[in-house]
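Remarks on the structure that follows.
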Ligand SMILES: Nc1ncnc2c1ncn2[C@@H]1O[C@H](COP(=O)(O)OP(=O)(O)O)[C@@H](O)[C@H]1O
Ligand SMILES: [Mg+2]
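In the numbering used here, the protein residues as written are 1229 to 1671.
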């Protein structure tokens, strides 16, 4: 049985007749064929697989049975694809030139507040970091922090007020300014914050509130909205940039609809195909590798424009190529990378993973409409109403997805915002395997 055929089985019949526990090898690992493995597989059966009783998809090729890579080469791949850090250098930010320019002209030149919204992993923090670099070059004081769910208005603002450099304030007023900041506390109001900001004379200050969607407290949301309005009305040299999920905008303007006039809104919509290609090529280039055209296309299709997924899937694909001793990351390496990524995600999300297996196996009807729905959710921007577009009937969606979909969300959303790409990955793996059986797979 070939690797692709194994994948076909993985996608359609994860709990097939030959369960691992039926035929264990010496280390407990069993190949899909039921053959005990020699313990040197490039894909040892990991915790997630064994917990779920999934078969292993270790490549059976003998030349892969021993690790063929030096740790430093793998390290270079981890660093090159770095999925854990936002981008902060302008040259590394792909496909966002328009959004950066809009935020700069809105916040710096038109003196609006900014709102940056988009799903998790779409590059919001990266976008504001790069915006911050440009603003800094213009001599603007940029203060950045991430919000925390339990913060109060006083705590949130105090942290920023303390960072305002004394040089921004009239020298005769520095003492008063310091006193006001010191006495700013838990109970302080938006009016008090405004009177402190009113002392800023010699700098433009931009305050970035990242992860604003972690603030659920309506009182805090209302106070921030009032503060933004007071600052705009008083034409102070201070602007806020709020960063959060797709509802960040609504949460703020709900309080003061007139704020609309003072806000520049930018959303991190899915990256265009060319930007995903550039991102993948630059990561591969950094570790001395390159994607084949077919490999890159497959990654682009599955990532749905999400830079997080493109980097993560790309990293696993590069590692797979390295294990095979290749510098080129072929379509097969990408498929292996998707499999590895899915396994890694399964270990944290067993329930949704089992649901996706059931969908791809056809156990819940034709998988195509569900996979298509996942693609639409993954690429939805906050202006689009998914519910308005044709979709599988809601009862069928509920029966297929169960708790993987958050039924209370409007529009429809996955409970784990990163999940749709994993369903698409699994579906691709099964389609690739059937193409492979017909002998039409490209490198
Ligand atoms: N435009 C981009 N070009 C290249 N990589 C990006 C881009 N936007 C985000 N990334 C990468 O994607 C991942 C998620 O980005 P991040 O800014 O943390 O997203 P968010 O704040 O929306 O959750 C990070 O690894 C980051 O380096
Ligand atoms: Mg972020």
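Note that the Cβ used here is the ideal one computed from N, Cα and C, for glycine as well.
Keep in mind the model is a prediction, meaning the values are calculated, not measured.
Nearest to residue i by CA position, among the options, is which residue?
i            : options                   : result
residue 1431 : 1622, 1396, 1419 and 1457 : 1396
residue 1505 : 1497, 1521, 1493 and 1383 : 1521
residue 1356 : 1367, 1408 and 1335       : 1335
residue 1460 : 1350, 1554, 1598 and 1492 : 1492
residue 1319 : 1531, 1361 and 1304       : 1361
residue 1378 : 1405, 1359, 1330 and 1449 : 1449
residue 1375 : 1471, 1466, 1307 and 1328 : 1471
residue 1638 : 1622, 1628 and 1652       : 1622
residue 1363 : 1554, 1546 and 1329       : 1329
residue 1648 : 1366, 1564, 1302 and 1573 : 1573
residue 1441 : 1596, 1561 and 1475       : 1475
residue 1307 : 1592, 1547 and 1599       : 1547
residue 1525 : 1494, 1553 and 1557       : 1557
residue 1365 : 1528, 1651 and 1332       : 1332
residue 1388 : 1433, 1402 and 1368       : 1433
residue 1594 : 1577, 1620, 1559 and 1575 : 1620
residue 1494 : 1347, 1651, 1317 and 1392 : 1347
residue 1596 : 1367, 1656 and 1576       : 1656
residue 1466 : 1576, 1512, 1312 and 1368 : 1368
residue 1402 : 1561, 1545, 1424 and 1382 : 1424
residue 1562 : 1518, 1592, 1576 and 1527 : 1527
Can we count residue i as close to ligand 1, meaning its CB is less than 7 Å from some heavy atom?
i            : result
residue 1536 : yes
residue 1320 : yes
residue 1346 : yes
residue 1313 : yes
residue 1470 : no
residue 1507 : yes
residue 1499 : yes
residue 1539 : yes
residue 1542 : no
residue 1442 : no
residue 1349 : yes
residue 1553 : no
For residue i, collect the residues of the same chain with a Cβ closer than 8 Å to its Cβ; drop the 5 residues on either side in sequence, then sort them by chain order.
i            : result
residue 1500 : 1323 and 1533
residue 1643 : 1580, 1631, 1632, 1633 and 1634
residue 1659 : none
residue 1481 : 1453, 1487, 1488 and 1491
residue 1304 : 1514, 1515 and 1516
residue 1321 : 1315, 1328, 1351, 1354, 1355 and 1358
How many angstroms separate the CA atom of residue i from the CA atom of residue j?
i            : j            : result
residue 1241 : residue 1645 : Only weak support is given to the placement of residue 1241: the predicted model assigns it a pLDDT of 46, under 50, and the question is left unresolved by the model.
residue 1342 : residue 1640 : 26 Å
residue 1496 : residue 1353 : 10 Å
residue 1407 : residue 1628 : 60 Å
residue 1358 : residue 1608 : 24 Å
residue 1536 : residue 1507 : 11 Å
residue 1233 : residue 1661 : Confidence at residue 1233 is low in this model, with a pLDDT of 46, below 50, so its placement is unreliable and the value that follows should be read with caution. Cα-Cα distance, rounded: 6 Å.
residue 1349 : residue 1541 : 13 Å
residue 1409 : residue 1523 : 55 Å
residue 1599 : residue 1651 : 7 Å
residue 1290 : residue 1300 : Below a pLDDT of 50, predicted positions are generally treated as unreliable, and residue 1290, at 36, falls in that range; the measurement from the model is reported next regardless. The straight-line gap from Cα to Cα measures roughly 23 Å.
Count the other CB atoms, across all protein chains shown, that sit within 10 Å of the CB of residue i; report buried if there are 16 or more and exposed otherwise.
i            : result
residue 1568 : buried
residue 1315 : buried
residue 1590 : exposed
residue 1539 : buried
residue 1390 : exposed
residue 1601 : buried
residue 1394 : exposed
residue 1488 : exposed
residue 1626 : exposed
residue 1463 : exposed
residue 1386 : buried
residue 1444 : exposed
residue 1478 : exposed
residue 1447 : exposed
residue 1551 : buried
Leaving out five residues before and five after residue i in sequence, what residues of the same chain have Cβ atoms less than 6 Å from its Cβ?
i            : result
residue 1380 : 1414
residue 1429 : 1398
residue 1266 : Residue confidence for residue 1266 is low, a pLDDT of 31 falling below 50, so the modelled location carries little weight; the figure read from the coordinates is stated next. Result list for residue 1266: empty, nothing under 6 Å.
residue 1483 : 1450 and 1453
residue 1653 : 1530, 1566 and 1570
residue 1405 : 1397 and 1427
residue 1439 : 1374 and 1375
Excluding five sequence neighbours on each side, which residues of the same chain lie with their C-beta closer than 7 Å to the C-beta of residue i?
i            : result
residue 1468 : 1341, 1435, 1437 and 1456
residue 1417 : none
residue 1420 : 1412
Is residue i near ligand 2 - that is, is its Cβ less than 7 Å away from at least one heavy atom of it?
i            : result
residue 1556 : no
residue 1644 : no
residue 1438 : yes
May I ask you to check if the CB of residue i is nearer than 7 Å to at least one heavy atom of ligand 3?
i            : result
residue 1352 : Because ligand 3 does not appear in the structure shown, any question about it cannot be addressed here, the ligands present being ligand 1 and ligand 2.
Any beta-carbon of chain D closer than 8 Å to the one on residue i?
i            : result
residue 1516 : Structure shown: chain D not included; a single protein chain is present.
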